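Working notes, structure below.
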Amino acid sequence: MNAPGERRFPAGFLWGAATSPTQIEGHLDNEWTHFTAHDGGNCRVACDSYHRYAEDVDWLARLGLGAYRLGIEWSRLQPGPGAPLDRGELDRYLDQLDRLRARGITPMVVLHHFSNPNWINAAGGWNNPAAIPAYVDYVTRLVAAIGGRVTLWNTFNEPDTYACMTCLLGAYPPRHQWRFRQFRRVIRHMARAHAQAGRIIRAAGTAARPMQVGIAKNWTFFEACRRFSPWDRAAAFIAHQGFNKFVLNAFLGGTRRRVATFLGLNYYGRIRFHHFQAMVPAGGTPRTKLDDFGFVCDDMVERYPAGLGKILAYFRRRFNLPVYITEHGTASTDEPFRAADLRENLTVLHDAIAAGANVKGFFYWSLLDNFEWQFGYTKKFGLLAVDFNDPARPRTPKPLAEAYARIARANALPAV
Ligand code: BGC
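The opening position of the sequence shown corresponds to residue 147 in the numbering used here, with each subsequent residue numbered one higher.
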């Protein structure tokens, strides 16, 4: 029965939360291990989920979430090209998956989330086509080892952000800047790896348990601050062409469209350009200036809930694939602001579904406050707060966790 004014989601809709290994696990040896973020922080312990994953799984269950999007870290499992996977580390991930299953929580496994084994990086990373067979070999071994525990797979998380930050903006290791040809090569290599790995994953499915596979595409709307400024428009155009269009075409254009069974969408909002400067907190724009422009931002980018409807409509027209919202979240210490953002985005999502969008689930970014790459621990995306000064890394639910849990349990957005 629908309560008056509530917005009910389709039966079987998955409500989940998302994390990634480098951001939460700690005790990793990859290109981020010796990276120091703007706040002086590093990922060497992070949320210590390496030791505390059972606690994280319990939290998901306590919040009534039915799904968890988690990464499995390649650098932990494979010591060299073509090497067998490390048994102990594999068992740890299998235990995590079994704990999820015991609580009725569906895992979505991410195979690449902004990090590589050191031996891949030493050989030039994804700029070197040798990364393709190496990744495909890893995925083949992992899929076989995991057996039927996982049916939902993300081959790559945000190849767009990864290539942009590693080759153009220099924010992620190896911190290269403005290497446009390298950006294109990295994307093309990842897209080939996605196609090959995607076929292998699908072939591992059965009629009773078919495999679902897709990338997670970050979609950001790039726009000009001033509609008539050629500079603002040029910056927005270039960003859109490279980050959105080129990446979508590489992964999903032509016959590649047939590899994926779904499209993952990471949606945060909008970036508007003023004289080639991105007018968002993540780009360093001061709050006062954003207020002058009238831009509503979290601690990262401009909020733009209407955009979620637009991009879902575009994806439907262009690909007609089922969609998972693989990430959406707000970085802020202002909990009412975060709650309002969630409500606005879920309202748009609900309208899009009512209009025919085939959206299967929603994963909040993130389960935990965590290591936000170049920004360290200053961006608070978590449903749960983590005390990074305490070696036990205690987790405490924030008000948004309670609100999100109510939505997930009811499978509905309550009336205001
Ligand atoms: C990434 C996450 C990141 C989040 C918030 C996404 O781009 O997949 O790793 O923490 O956005 O910035």
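From the three backbone atoms N, C-alpha and C, an ideal C-beta is built for every residue, glycine too.
As the structure is a computational prediction, the values presented were derived from the model and not from experiment.
Could you check how far apart the C-beta atoms of residue i and residue j are, in whole angstroms? I think they sit under 8 Å.
i: A554; j: L243; result: 20 Å between Cβ atoms; not a contact.
i: E177; j: N274; result: At roughly 14 Å, the Cβ-Cβ gap does not stay under 8 Å, so E177 and N274 are not in contact.
i: V359; j: T312; result: Incorrect: roughly 24 Å between the Cβ atoms, too far for contact.
i: F155; j: N557; result: 5 Å
i: C310; j: F329; result: 7 Å
i: V289; j: A341; result: The Cβ separation is near 15 Å, so there is no contact.
i: G507; j: G162; result: 6 Å
i: G294; j: R355; result: 6 Å
If we call anything under 7 Å between Cβ atoms a contact, is residue i one with residue j?
i: T165; j: C189; result: no
i: N516; j: I218; result: no
i: D533; j: P540; result: yes
i: L513; j: C193; result: no
i: A396; j: F368; result: no
i: T366; j: I417; result: yes
i: I333; j: V393; result: yes
i: A459; j: F419; result: no
i: T307; j: N364; result: yes
i: A561; j: E152; result: yes
i: G226; j: D283; result: no
i: H335; j: I278; result: yes
i: V494; j: V469; result: no
Return the bridge partner residues of residue i from the DSSP annotation.
i: A424; result: F419
i: C189; result: Partner(s): none; C189 has no beta bridge.
i: P263; result: N176
i: V469; result: L409, V505
Using only CA atoms, which one of the options lies nearest to residue i?
i: R345; options: R402, R355, P376; result: R402
i: P537; options: G172, R245, L236, F383; result: G172
i: G410; options: N303, R153, R552; result: N303
i: Y523; options: I499, A477, A229, V447; result: A477
i: Y510; options: E152, Y214, G187; result: Y214
i: R247; options: V296, A290, G234; result: V296
i: Q224; options: N262, A200, R208, L209; result: N262
i: M254; options: I361, F383, H496; result: I361
i: V405; options: W324, Y199, R338; result: R338
i: R484; options: R287, G502, G528, Y199; result: G528
i: A157; options: F439, P545, V426, I499; result: I499
i: D204; options: R238, E548, R245; result: R245
i: R464; options: D445, K526, G453, K391; result: K391
i: D444; options: F408, F422, N466, P482; result: P482
i: A343; options: L488, A269, L257, G294; result: L257
i: T252; options: L216, D232, S375, H496; result: L216
i: E448; options: R379, H421, Y470, C371; result: C371
i: P427; options: M446, T434, S195; result: M446
i: N264; options: L236, P230, S221; result: S221
i: L467; options: G502, G388, L488; result: G502
i: D378; options: G388, Q423, A353; result: Q423
Comparing the CB of residue i with every heavy atom of the ligand PLP, is any distance shorter than 6 Å?
i: T307; result: Looking for the ligand PLP in the displayed structure turns up nothing; the ligands present are the ligand BGC.
In chain order, each beta strand (DSSP E) run of at least 3 residues that lies wholly inside the stretch 203 to 231: Taking only runs of at least 3 residues, the beta strand (DSSP E) segments lying wholly in the stretch 203 to 231 are 213 to 217.
task: Could you tell me which uninterrupted beta strand (DSSP E) segments, each at least 3 residues in length, are contained entirely in the stretch 477 to 528, listed from first to last along the chain?
output: List check, beta strand (DSSP E) in window: 505 to 511.
Note down, one range per segment and in chain order, each beta strand (DSSP E) of at least 3 residues found wholly within the stretch 343 to 381. Listed in chain order, they are 358 to 370.
Go through the stretch 269 to 313 residue by residue and report every complete run of the alpha helix (DSSP H) that reaches 4 residues or more, in order. For the stretch 269 to 313, whole alpha helix (DSSP H) runs of length 4 or above, ordered along the chain, are 277 to 292, 305 to 309.
At which residue ranges does the stretch 154 to 200 contain complete alpha helix (DSSP H) runs of 4 or more residues, listed in the order of the chain? Here the runs fully enclosed are 167 to 170.
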